[in-house]
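K.L.:
Right, I'll just put the structure down here and ask away after.
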Amino acid sequence: MESGEITDKDSLHPIFTKDSQEWMKLVNNEVRACTEDGQEFTGYVYTIDPVSECVVLVSPSEESKPQNISMKLLMGPSVRSIEVISGTTNMIKSQFEHLFRPVAEETFTNEEMKIRMQRLKSWLEQNRLPVATGGMDGQFLTIADALTIRPPYTENSCLSTNEIILSRIQGLIRSMP
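For the sequence shown, position 1 (counting from the first letter as 1) is numbered 1 according to the UniProt record's numbering, and the numbering increases by one without interruption.
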């Protein structure tokens, strides 16, 4: 036997003895994980660290708001078993792809931005809302000093401390032809 050679498989780190493809098969699937202390956790596997064997489980907090999630980090040594409850869906894969990434915004020229602002302002005025321009260079739209819409003038560009007004204006922007 050569110096530095390891013969006992038990002394090897699990990264060298476990198949990483088996871990990958769990990603995006709904699972039930049991821990050494008898607790049971269910959720979708977001990722698994093959070195520490830590499992990140993600569960939707509310059905109506898919962006609200609950996340559990199960430490590798404490996980006794993982059982797949159901396979993955395209919806879950799509949600996971955008989970920690900001939504990419398109870039517009100044002229395109002015057209977008005018179009939105006209739409809001057609719906009998008091719209004024404000901010630096008149780039913000303000509705009754209760809500501000910044460029690029989408539903996600709205700012308000009043959630009712915010959701109504966002709905109106979504329905804009």
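Every residue, glycine too, gets a C-beta built ideally from N, C-alpha and C.
Note that the structure is a prediction, hence the values are computed from the model and not measured.
Give the secondary structure of L141 by DSSP, where H, G and I count as helix, E and B as strand, and everything else as coil.
P.N.:
In this structure, L141 counts as strand in the three-state DSSP scheme.
K.L.:
Kindly list the residues whose CB is nearer than 6 angstroms to the CB of R116, restricted to its own chain and excluding five residues on each side of it in sequence; keep chain order.
P.N.:
Cβ neighbours of R116 beyond the five flanking positions: Y153.
K.L.:
By Cβ distance, which residues of its chain are closer than 8 angstroms to C54, with the 5 residues on each side in sequence left out?
P.N.:
These residues qualify, in order along the chain: I48, L73, L74, M75, G76.
K.L.:
Does the beta-carbon of I92 have 16 or more other beta-carbons within 10 angstroms, so that it is buried, or is it exposed?
P.N.:
Under this definition I92 is a buried residue.
K.L.:
Would you call G171 buried or exposed, if buried means 16 or more other Cβ atoms sit within 10 Å of its Cβ?
P.N.:
Label assigned to G171: exposed.
K.L.:
Could you check which residue in V131, G43, D37 has the C-alpha nearest to that of V79?
P.N.:
If we check each option's Cα against that of V79, D37 comes out closest.
K.L.:
Report all residues from its chain with a CB closer than 7 angstroms to the CB of I143; omit the five preceding and five following residues, and keep chain order.
P.N.:
Same-chain partners within the cutoff: L124, L129, P130, V131, I169.
K.L.:
Under 6 angstroms Cβ to Cβ from E30, same chain only, skipping five residues before and after it: list those, please.
P.N.:
Correct list, in chain order: Y44, I85, S86.
K.L.:
Which runs of the alpha helix (DSSP H), 4 residues or longer, sit entirely within the region 55-138?
P.N.:
Complete alpha helix (DSSP H) runs here, min 4: 90-97, 110-126.
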